[in-house]
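J.: Could you have a look at this structure, given as structure tokens, before my questions?
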Amino acid sequence: MKNIFFVFCCLVSVLTLAQDSKSKAMDELVSKEKFYGNLAKQIWNFAEVGYQEYKSSGLLQEQLRKEGFKIQAGVADIPTSFVATFGEGKPIIGILGEFDALPGVSQDSVPEKKSVGGIAGHACGHHLFGVGSMATAIAVKNWLQSTGQKGTIRFYGTPAEEGGSGKVYMVRAGLFNDVDAVIHWHPSDRNSANAASSLANKSAKFRFYGISAHAAGAPDRGRSALDGVEVMNYAINMMREHIPAATRIHYVITDGGKAPNVVPDFAEVYYYVRHPNRNYVKSIWERVQKAAQGAAMATGTTVEEEVIGGVYELLPNEVLGRLMHSNMQKVGGYKMDAKELVFANTIMKTQGMADSEVSATEKIDPFSDERPGAGSTDVGDVSWAVPTVSCRSATWVPGTPSHSWQAVAAGGTSIGRKGMMIAAKTMTSTAIDLFSNPKIIADAKAEFDKRRGENYKYEALLGNRKPALNYRD
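Listed below in structure tokens is the structure:
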């Protein structure tokens, strides 16, 4: 009985110490909230688009280097990518950080639409994503040092998530091959942690080449590249009736000519195809290619295709999802102060947001393993390489759609900062649990192997192309 009691006391002591050390990590994050908020605001002001995030990437690298991380910059042939590592041995826990902005959504941090004249804005909150994840990596590093726990924390600086598929090149380069688990988050209008999937996605620019001529004086001598684009678009729009209902196809004409009285000899259209299963994306993409080829034949033009991006659907992991949800419940949400409530109530009157509840920032959504994602992310490819888990935190006013000026506005205020710190605390707590309990990692890997299947072989949807570093030009 004495031996059993002794073992029990030792176990209680270990658990108490672990809980105390986790609480200290949380306290550290609280004490640095304004510091991290200021860093995020700097990146918000930079608003750099995919593969052009030199200032944003540099700022994160500088802070991590100051904290003792070893930096490997320019990985996977991407100038703004990097890997920051601290510690040694197993387990190796990866933290993902994004920092690219979206073109065409510049906005001041006010609740009325007010462009600041820039060409881009953080309408998906990646300024918070990168800094919040960096805060997590630093907090976990300090926890490793203070406790003497063996293991490695690794921060991945991942550019061009918005259509550039930056992480795909990093997966293809084998940068995740030795990692035991990956943690990430994403800005949102609610607090949640689930084992959800997303939409696979493939994108490309189709460039049509024709013959220029005077549109009135010699129209018979011309062959319009814009006609090629429009015939392709018409064919795709007719195709929508005959594809799986879960499919999403979007396009923008990026170049349609320069003057109405000149038959355009060049035109370009940029396409996305999405579906919950990447194999459907592949088959639908073949039909998109045939539409382009047919359009060129019909208009006497030629067409070339440049694949820009391609991402897998997320592979859920319920073991890690439930762990992160439990930690988020313990962290809890946040309550808006009087100034934030005025901002929220004003901005909620725009874009049909008035029916949402401001108090949603104080709550954690119930856990779900069935909720499908409506967007796409290059984290999908990471999730098929290593067990991966994510959470979402309310960095925007409830009801805010992502990729909107409302998201840019809130992300530049204390609302964004508070949501970012909820995510940082949740990720830090989850990482500490993974370092402290090898069984969780073992169970997550067992689920990962079962979901992925024995005969799985990775083939990037974007093929063997090099990073599309100029896709935002």
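According to the working numbering, the sequence shown is numbered sequentially starting from 1.
The C-beta atom is built at its ideal place from N, Cα and C for all residues, glycine as well.
From a predicted model like this one, the values you see are computed outputs, not experimental measurements.
What's the call for F35, buried or exposed, on a 16-neighbour Cβ count within 10 Å?
T.: exposed
J.: Exposed or buried, G419, counting other C-beta atoms within 10 Å across all chains shown (16 or more means buried)?
T.: buried
J.: Can you tell which of N142, N233 and N45 has the C-alpha that lies nearest to the C-alpha of A120?
T.: N45
J.: Kindly identify the DSSP beta-bridge partner or partners of A267.
T.: F208
J.: Taking C-beta to C-beta, are K349 and V281 nearer than 8 Å?
T.: no
J.: Which of the three DSSP states, helix, strand or coil, is assigned to F46?
T.: DSSP places F46 in helix when its eight states are reduced to three.
J.: A225 and F266 - do their beta-carbons sit closer together than 8 Å?
T.: With contacts defined by Cβ atoms closer than 8 Å, F266 and A225 form a contacting pair.
J.: Looking only at its chain, what residues have a beta carbon closer than 6 Å to the beta carbon of R274, apart from the 5 residues adjacent to it on each side?
T.: L199, N201, R248 and S376
J.: Going by other Cβ atoms of all chains shown within 10 Å of its Cβ, with 16 needed for buried, is G217 buried or exposed?
T.: G217 should be labelled exposed.
J.: According to DSSP, what are the bridge partners of S390?
T.: H184
J.: Indicate whether M170 and S115 have their beta-carbon atoms separated by less than 8 Å.
T.: Taking 8 Å as the Cβ cut-off, M170 and S115 do not qualify as a contacting pair.
J.: What three-state label does DSSP hand P103 in the structure shown?
T.: If DSSP states are grouped into helix, strand and coil, P103 belongs with the strands.
J.: If you follow the beta strand (DSSP E) that H250 is in, where does it begin and where does it stop?
T.: R248 to D255
J.: Can you give me the C-alpha to C-alpha distance between S13 and Q63, rounded to a whole angstrom?
T.: Bear in mind that a pLDDT of 46 at S13, under 50, signals an unreliable position, so the number given afterwards is only what the model happens to contain. Using only the alpha carbons, I get a separation of about 35 Å.
J.: Of the residues D365, G373 and P398, which one's Cα is nearest the Cα of T346?
T.: P398
J.: Could you have a look at F35 and say whether DSSP puts it in helix, strand or coil?
T.: Secondary structure of F35 (DSSP, three-state): helix.
J.: Are there 16 or more other CB atoms within 10 angstroms of the CB of D178, so buried, or fewer, so exposed?
T.: The residue is exposed, with fewer than 16 neighbouring Cβ atoms inside 10 Å.
J.: Note down the Cα distance separating D20 from E28, rounded to an integer number of angstroms.
T.: 12 Å
J.: Could you give the residue range of the alpha helix (DSSP H) that holds R154?
T.: Following the DSSP letters along the chain, one finds R154 in no alpha helix (DSSP H) but inside the beta strand (DSSP E) bounded by residues G151 to T158.
J.: Which whole-angstrom value is the C-beta distance of V288 and Y272, which I expect to be below 8 Å?
T.: Contact doesn't hold; Cβ gap of about 10 Å is too wide.
J.: In whole angstroms, what separates the C-alpha of A160 from that of L102?
T.: Each residue's alpha carbon lies about 10 Å from the other.
J.: For G37, which residues of its own chain have a beta-carbon under 6 Å away from its beta-carbon, when the five flanking residues on both sides are left out?
T.: Here the set comprises R417.
J.: Identify which residue in C124, E230 and T158 has its Cα closest to the Cα of S56.
T.: T158
J.: Please look up how many angstroms separate the CB atoms of P187 and G411, rounded, as I've assumed it's under 8 Å.
T.: 7 Å
J.: Helix or strand or just coil, what does DSSP make of H325?
T.: helix
J.: So, for W396: in the same chain, excluding its five sequence neighbours on each side, which residues have a beta-carbon less than 6 Å away from its beta-carbon?
T.: Once the five neighbours on either side are set aside, the close Cβ partners of W396 are D189, A407 and A410.
J.: Straight-line CA distance for G463 to G333?
T.: 41 Å
J.: Excluding the five sequence neighbours on either side, which residues of its own chain have a C-beta within less than 6 Å of the C-beta of A295, listed in chain order?
T.: G228, V231 and M232
J.: How far does the alpha helix (DSSP H) with K167 in it reach, from first residue to last?
T.: G166 to R172
J.: N142 and A25 look like a contact to me (Cβ under 8 Å); what is the Cβ gap, rounded to whole Å?
T.: 7 Å
J.: Sorted by chain position, which residues of the same chain lie with C-beta nearer than 6 Å to I138's C-beta, five sequence neighbours on each side aside?
T.: E67
J.: Apply the 10 Å Cβ neighbour rule to L15 and answer buried if 16 or more other Cβ atoms are within range, or exposed otherwise.
T.: Summary for L15: the model assigns pLDDT 45, below 50, so the residue's position carries little reliability; its value from the coordinates is reported in the next sentence. Exposed is the call here.
J.: Using DSSP's beta-bridge definition, name the partner residues of R223.
T.: R223 pairs with I211.
J.: Would you mind listing the beta strand (DSSP E) stretches within the stretch 361 to 431 that are 3+ residues and don't spill past its ends, in chain order?
T.: 388 to 394
J.: Can you pull the DSSP bridge partners for E28?
T.: For E28, which the question treats as bridged, DSSP gives no partner whatsoever.
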